[in-house]
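One structure is given below, encoded as structure tokens.
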Amino acid sequence: MTAKEVRQSFLDFFKSKDHKIVTSSPVVPYGDPTLLFTNAGMNQFKDVFLDIGTRDYKRAADTQKCIRVSGKHNDLEEVGVDTYHHTFFEMLGNWSFGDYYKEEAIAWAWELLTDVWKLPKDRLYATVFKTDDEAYEIWKKYIPEDRIQRFGEKDNFWEMGETGPCGPCSEIHFDRTPDKSGGKLVNAGTPDVIEIWNLVFIQYNRLPNGELEPLRSKHVDTGMGFERIVAVIQNKKSNYDTDVFSPIINQIEQLAGKKYPEDLANPVGIAMRVMADH
Ligand code: SER
Numbered sequence: 288m289t290a291k292e293v294r295q296s297f298l299d300f301f302k303s304k305d306h307k308i309v310t311s312s313p314v315v316p317y318g319d320p321t322l323l324f325t326n327a328g329m330n331q332f333k334d335v336f337l338d339i340g341t342r343d344y345k346r347a348a349d350t351q352k353c354i355r356v357s358g359k360h361n362d363l364e365e366v367g368v369d370t371y372h373h374t375f376f377e378m379l380g381n382w383s384f385g386d387y388y389k390e391e392a393i394a395w396a397w398e399l400l401t402d403v404w405k406l407p408k409d410r411l412y413a414t415v416f417k418t419d420d421e422a423y424e425i426w427k428k429y430i431p432e433d434r435i436q437r438f439g440e441k442d443n444f445w446e447m448g449e450t451g452p453c454g455p456c457s458e459i460h461f462d463r464t465p466d467k468s469g470g471k472l473v474n475a476g477t478p479d480v481i482e483i484w485n486l487v488f489i490q491y492n493r494l495p496n497g498e499l500e501p502l503r504s505k506h507v508d509t510g511m512g513f514e515r516i517v518a519v520i521q522n523k524k525s526n527y528d529t530d531v532f533s534p535i536i537n538q539i540e541q542l543a544g545k546k547y548p549e550d551l552a553n554p555v556g557i558a559m560r561v562m563a564d565h
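Count along the sequence shown starting at 1, add 287, and that's the number in this note's numbering.
The following block contains the structure:
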């Protein structure tokens, strides 16, 4: 599948589940002084989650252009040094505004990954927030318990910024180790096992004083790194080896008069990846 086909199949899948396909919002958010740049697909729906705005639909999906260079979500130090973080990237997402919740969010993520895209089930891991027994029980319908792991706030409680909508999350990780031995490497910061999709169960508003205020309704906010899922589907170890980036890398090679090095630690390669990302 080409990157373009992956993007379209994501949107088609959620359209078939009655989601309205919306456009990406601008990378500079409208009227939100808490954010410099759009850092997640849910930003444009913040008012709906906080119950101060409405839409004429209860389910949405899109591909959102995101920039993560400041504040709570900042990947400037990782970009180029590794092969799977970006400062500018696309996030594929689906949302429920007080409509479906954990059961459907998990079922549809599983269906898209394993039925539509045919990813090998024995390479997928799920994580849940340490106290989220509900998500844990739902995951048990799809994968054996030894592939479901519990983590704390750092990994499994998602917040857009210092304040705003937030909640426990359940992530899906893909194991790229040759012998499928990546269970211990979930959340270990290695390209061998990477997070591909984050399912957030939004149910609180983080207040400026740090308190969590329960929201009136419960919502779903998912985000999947487009460049990462393309790398997984195209069986590439690096996002930069997919058809999203290889034309840019080729152009940089020509302009620089240097070959893109195979050794990931080579500073020339790091610089080329940074330029391609930017
Ligand atoms: N907002 C969550 C994230 O950015 C899921 O979309 O990971």
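Idealized CB from N, CA, C, for every residue including glycine. From a predicted model like this one, the values you see are computed outputs, not experimental measurements.
DSSP state of Gly-380, grouped into three classes?
-> Gly-380: strand per DSSP, three-state reduction.
Ser-525 versus Ala-290 - alpha carbon distance | Between the alpha carbons of Ser-525 and Ala-290 lies a gap of roughly 14 Å.
Do the segment 451–462 and the segment 411–423 touch if we need at least three Cβ pairs shorter than 8 Å?
-> Between the segment 451–462 and the segment 411–423 there are three or more inter-stretch CB-CB distances shorter than 8 Å, so the stretches are counted as touching.
Report buried or exposed for His-565, applying the criterion of at least 16 other Cβ atoms within 10 angstroms of its Cβ.
-> Exposed: under 16 other Cβ atoms inside 10 Å.
Gly-510 beta carbon less than 7 Å from that of Met-378 | Cβ distance < 7 Å, so Met-378 and Gly-510 count as in contact.
Between the segment 326–343 and the segment 401–413, are three or more C-beta pairs nearer than 8 Å?
-> Contact fails: fewer than three Cβ-Cβ distances are below 8 Å.
With a CB to CB cut of under 7 Å and the five nearest residues on each side skipped, what residues in its chain are close to Tyr-547?
-> The residues are Ile-536, Glu-540, Gly-556, Met-559.
If you compare alpha carbons, which of Ala-394, Ile-481, Ser-504, Ser-468 is closest to Asn-492?
-> Selected option, being the one with the closest Cα: Ser-504.
Using 10 angstroms around the beta-carbon of Glu-482, count the other beta-carbons present and answer buried if the total reaches 16, otherwise exposed.
-> Buried.
Consider the Cβ of Gly-318: report whether some Cβ of chain C lies at a distance smaller than 7 Å.
-> Of the chains in the structure shown, none is chain C; there is only one protein chain.
Please list, in chain order, all residues of the same chain as Leu-400 whose beta carbon is under 6 Å from its beta carbon, the five residues on each side excluded.
-> These residues qualify, in order along the chain: Leu-406.
Val-335 and Arg-346 look like a contact to me (Cβ under 8 Å); what is the Cβ gap, rounded to whole Å?
-> Contact flag wrong, Cβ pair sits at about 12 Å.
Is it true that the CB of His-460 sits closer than 7 Å to the CB of Phe-384?
-> Result no, Cβ atoms of Phe-384 and His-460 do not sit closer than 7 Å.
Cβ of Ile-516 within 7 Å of Cβ of Met-288?
-> No, the Cβ-Cβ distance between Ile-516 and Met-288 is not below 7 Å.
Is it the case that the CB of Asn-485 approaches a heavy atom of the ligand SER more closely than 6 Å?
-> Judged by the Cβ position, Asn-485 qualifies as a neighbour of the ligand SER at the 6 Å threshold, a heavy atom of the ligand being closer than this.
Of all the options Leu-363, Thr-418, Asp-433, which has the alpha carbon lying nearest to the alpha carbon of Leu-411?
-> Closest option to Leu-411, Cα to Cα, is Asp-433.
Tell me, please, whether the segment 346–365 touches the segment 437–454 by the rule of three or more beta-carbon pairs shorter than 8 Å.
-> The segment 346–365 vs the segment 437–454: in contact.
Report yes if the CB atom of Phe-438 is closer than 7 Å to the CB atom of Thr-414, and no otherwise.
-> A contact, by the Cβ cut-off of 7 Å.
Element boundaries [beta strand (DSSP E), containing Leu-486] = DSSP places Leu-486 in the uninterrupted beta strand (DSSP E) bounded by 480–493.
For Val-473, which residues of its own chain have a beta-carbon under 7 Å away from its beta-carbon, when the five flanking residues on both sides are left out?
-> Excluding residues within five positions, the ones whose Cβ falls inside 7 Å are Tyr-412, Thr-414, Gln-436, His-460, Val-480.
Locate the alpha helix (DSSP H) running through Leu-542, then write down its first and last residues.
-> Where Leu-542 is concerned, the enclosing alpha helix (DSSP H) starts and stops at 533–543.
What's the call for Gly-380, buried or exposed, on a 16-neighbour Cβ count within 10 Å?
-> Only buried fits Gly-380, as 16 or more other CB atoms lie within 10 angstroms of its CB.
From Trp-382 to Thr-464, what does the alpha carbon distance come to, in whole angstroms?
-> Those two C-alpha atoms are separated by around 31 Å.
Does any heavy atom of the ligand SER sit closer than 6 Å to the C-beta of Met-329?
-> The answer is yes for Met-329.
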